[in-house]
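Here's the structure we're looking at; comments come further down.
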Amino acid sequence: MSPLQIQKGTSRHSAYDLRDPHSDVEEVHTLAVLVDNEAGVLARVIGLFSGRGYNIESLTVAEVDHEGHLSRITIVTTGTPAVIEQIKAQLGRIVPVHDVHDLTVEGPAVERELALFKVKGSGDKRVEALRLADIFRANAVDSTLESFVFELTGTSAKIDAFAELMRPLGLIEMARTGVAALSRGV
Amino acid sequence: MTQAMTGAKMVVQALKDQGVEVVFGYPGGAVLPIYDEIFQQNDIRHILVRHEQGAVHAAEGYARSTGKPGVVLVTSGPGATNAVTGITDALLDSIPLVVLTGQVPTFMIGTDGFQEADTVGITRPCTKHNWLVKETDKLAATLHEAFHVATSGRPGPVLIDIPKDVQFASGTYTPPNGAGRSHYQPKVKGDIDTITQLVEAMEKAERPVFYTGGGVINSGPAASQLLRELVEATGFPITSTLMGLGAYPASGDKWLGMLGMHGLYEANLAMHGCDLMINIGARFDDRITGRIADFSPNSIKAHIDIDPSSINKVIHVDMPIIGDVGHVLEDMLRIWKSRGRKTNKPGLKKWWGQIDAWRQVDCLSFDPSPKTIKPQHALQRLEALTKDHDRYITTEVGQHQMWAAQFLGFEDPNRWMTSGGLGTMGYGFPASIGVQLAHPESLVINVAGEASWLMNMQEMGTTVQYRLPVKQFILNNERLGMVRQWQELLHGERYSHSWSEALPDFVKLAEAFGAKGIYCDNPDDLDDAILEMINHDGPVIFDCLVEKHENCFPMIPSGEPHNKMLLGDASTSDVIGSSGAVLV
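Protein sequence lines, in the order shown, are assigned to chains A and B.
Mapped onto the working numbering, the consecutive letters of the first sequence carry residue numbers 175 to 360.
Mapped onto the working numbering, the consecutive letters of the second sequence carry residue numbers 4 to 587.
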């Protein structure tokens, strides 16, 4: 407390204050950014991250409202609480950005990613790959006598786990979409 | 009224409808259709500069001194890339500009055509927003939106890239009000709860200080008026950044002078020792804060800013208020008055006693010399002989800029144009041209160093062509003075490339352009020479030979806090530690 009897760090309208703003601990946040679907808008967002030295762990973008020409960009980023707040404020002042939501602090959210895995193998390894795919509810979307392509949807952690299991079984190529996310409820 | 016209005609029509009077530009292949339209009308005046960077700085000077957006018209490729420095300068100092660039025709984009550059790509990080217009039907709405974006919220430069075929093609013109409401509508009203909280703190504060910045000036003359009312009513001391000079009059008795790296002792110590800091439209720039960890350690901080990204970017504040300075000041005053106009009078009395003691240090004192002109003395004389004029000052960047900020007094906003954020050498001369165009009857002086001035000296042609009586007051120390000062403090007095060799004879240079040159190297002749400059009806280059190795004090060495100021040459050895040495 200061001599003025005002609690330091008070500002009443932000979930920011539930966390320690001076923390040095890096957090992972998922941001949903609604933007005008116009030329260069993705370059603006990416340029902001590279220009100001922020991290992008994952980024997805697609038009979500054809009539309104709106796209949704989902960004997974890491940073201290102060950096995360700065990222949101910087995103918010890009002119074609309509809205920035921090799904990590605004309540529960679902996050999903889709990945494709090409696994080459024969004999026991091939059988084991198929068995594990079944456990993970991955679909085989292509098969030859010596390979499978599995399709898997889930959290990034689930996709990481599946990739780890497939690696000794002949994983030779992998493609991931990056995270798409929505808040739960309405 | 919507009507069909060519893209080139639309550009001129939109500028007229937006109230534009002056365009600064330079023609080229990709903007010929627009220049053809300019040729066929008389409403908009086009000023032909000598380099596109000059056009942008001139537009900045025009904008900063009028509060209206500056407009620039340049061609594709090199025209656009030459404008980049000026655009970046305007971004960092929040100056509203609309920059129009020509582009190769749409069907040639991406072919590495003649004078093709990816202008929107190059300028994306240095504009507030930019557009490449590929259809003539969208041109009018984009032009109007550009003016809206440049001037709303935190002002800044915007750019519209217009391919040549879009300029030739016909489309439908929509006037400004017919374009529909933009979704870009920054919040201007501050949160009343937080403003009330700030007023409560102001009532109790023992050692308050107003720390104001360029945001007050950008908010308009009404904001400066409200600030003056608030300062007078509360009796709180006030300091300002380089960008905010003039919002509160330098002659006011609450004025502490500029703060920051070369700010006044009393201003910086007030910032360091205050218990309530009220930041109004400033952004805790590193020239202001010094070492972050020791910045004003015992204060509660309020921050009023229209840009949410300025809040908590550098310094964590206790009372963030997002809104336009004018609106927030109005609410602050209203709430403070309605609660009974309370302040902590005993606390304030003690605080002013402390401040007066700091003022006794007389931090701007210097050793006068009977033989050579001290730069500080030159500025004191310039101030004495011009302060009663209707005067506008621009500067270049370096020691002379800091001395000008210290020794010249500004009584009104929009009278002081300087490159603060980007620190662009070469800014002041073209800026003075823009100011003079906006205020043809006023005395416009560019306080310059010889090195900065040479960076855009080609604009002498512009001043002579348009008979702009701008005064170029060059403090010539034949050195890159600020670089030299840092080399003295930081690099063992090894003056690597920080002197100006092969300087021109500035008097002959002026005459070569058809202007007047004045040379002065004797303190006894200085007043007469300055009067001769003021009284000459036309552009003047004033070559004022000053002390070569004068250092600019006070100075907060980089990496040090406010209370570690240097006041004079005695204390300058080893003042910057290794951690400070990496800072600029």
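C-beta atoms are modelled at their ideal positions from N, C-alpha and C, and glycine is treated no differently.
- No Cβ of chain B is located within less than 7 angstroms of the beta carbon of A349 of chain A.
- Under the rule that a run must span 4 or more residues, the alpha helix (DSSP H) segments found entirely inside the segment 184-264 of chain A read 215-225.
- Not a single CB atom of chain A sits nearer than 7 angstroms to the CB of V87 of chain B.
- For V123 of chain B, the neighbours in chain A by C-beta distance under 7 angstroms run, in chain order, G214.
- Within the segment 494-559 of chain B, the runs of beta strand (DSSP E) that reach at least 3 residues and sit entirely inside it are, in chain order, 519-523 and 543-548.
- The count of Cβ pairs closer than 8 angstroms, one atom from the segment 348-356 of chain B and one from the segment 282-301 of chain A, stays below three, leaving the stretches out of contact.
- Shown here, I338 of chain B sits in a helix according to DSSP, grouped into three states.
- The beta carbon of G253 of chain A does not come within 7 angstroms of any beta carbon belonging to chain B, so the residue lies off that interface.
- Taking a Cβ-Cβ threshold of 8 angstroms, the residues of chain A close to K131 of chain B are V269, in chain order.
- Under the criterion of beta carbons closer than 8 angstroms, K190 of chain B and I325 of chain B qualify as touching, at roughly 6 angstroms.
- CA-CA distance, G431 of chain B to V467 of chain B, rounds to 17 angstroms.
- In the three-state DSSP reduction, S254 of chain B falls in the coil class, being neither helix nor strand.
- Between the segment 201-209 of chain B and the segment 149-163 of chain B, the count of Cβ pairs shorter than 8 angstroms is below three; the stretches do not touch.
- Nearest in C-alpha terms to V215 of chain A, of all of B:N133, B:N282, B:G495 and B:L95, is B:N133.
- Sequence-distant partners of P224 of chain B (beyond 5 residues in either direction) whose C-beta falls short of 7 angstroms from its own C-beta, in its chain, are P416.
- When the alpha-carbon of R362 of chain B is set against those of B:L259, B:S254, B:R53 and B:Q402, the nearest one is in B:L259.
- Residues of the segment 223-244 of chain A that bring their beta carbon within less than 7 angstroms of a beta carbon in chain B comprise G225, in sequence order.
- In this structure, B:I477 is the residue among B:L103, B:I477, B:G484 and B:L382 with its C-alpha nearest to the C-alpha of D508 of chain B.
- For chain A, none of the residues of the segment 90-121 of chain B brings a beta carbon within less than 9 angstroms of one of its beta carbons.
- Secondary structure remark: continuous beta strand (DSSP E) runs of at least 3 residues inside the segment 257-324 of chain B, in chain order: 258-261, 279-283 and 303-308.
- Judged by DSSP in its simplified three-state form, E399 of chain B adopts coil rather than helix or strand.
- Straight through space, the alpha carbons of P270 of chain A and A33 of chain B are spaced by roughly 27 angstroms.
- Residue burial is scored here from C-beta neighbours: G28 of chain B has at least 16 other C-beta atoms within 10 angstroms and is therefore classed as buried.
- Residue burial annotation: Q43 of chain B is exposed, with fewer than 16 other C-beta atoms found within 10 angstroms of its C-beta.
- The segment 360-380 of chain B makes no contact with the segment 216-230 of chain B: fewer than 3 CB pairs, one atom from each, lie closer than 8 angstroms.
- Bounds of any alpha helix (DSSP H) do not take in G359 of chain A, whose DSSP letter is neither H nor E.
- Among the CB atoms of chain A, one or more fall inside 7 angstroms of the CB of K316 of chain B.
- The distance from the Cβ of V212 of chain B to that of F239 of chain B is about 7 angstroms, consistent with a contact at the 8 angstroms cut-off.
- A283 of chain A places its beta carbon 7 angstroms or farther from that of L343 of chain A.
- Inter-segment contact for the segment 415-429 of chain B and the segment 90-104 of chain B is present: three or more beta-carbon pairs are separated by less than 8 angstroms.
- G276 of chain B places its beta carbon 7 angstroms or farther from that of V328 of chain B.
- Taking the Cα positions, F410 of chain B is about 29 angstroms away from S302 of chain B.
- Counting of Cβ neighbours within 10 angstroms places T329 of chain A among the exposed residues, the total staying below 16.
- Contact check for V510 of chain B and D546 of chain B: beta-carbon distance about 6 angstroms, within the 8 angstroms limit, so the pair qualifies.
- If you draw a straight line from the Cα of E550 of chain B to the Cα of R482 of chain B, it comes to about 10 angstroms.
- Among the residues facing chain A, Y38 of chain B is not included, as its CB has no counterpart in that chain under 7 angstroms away.
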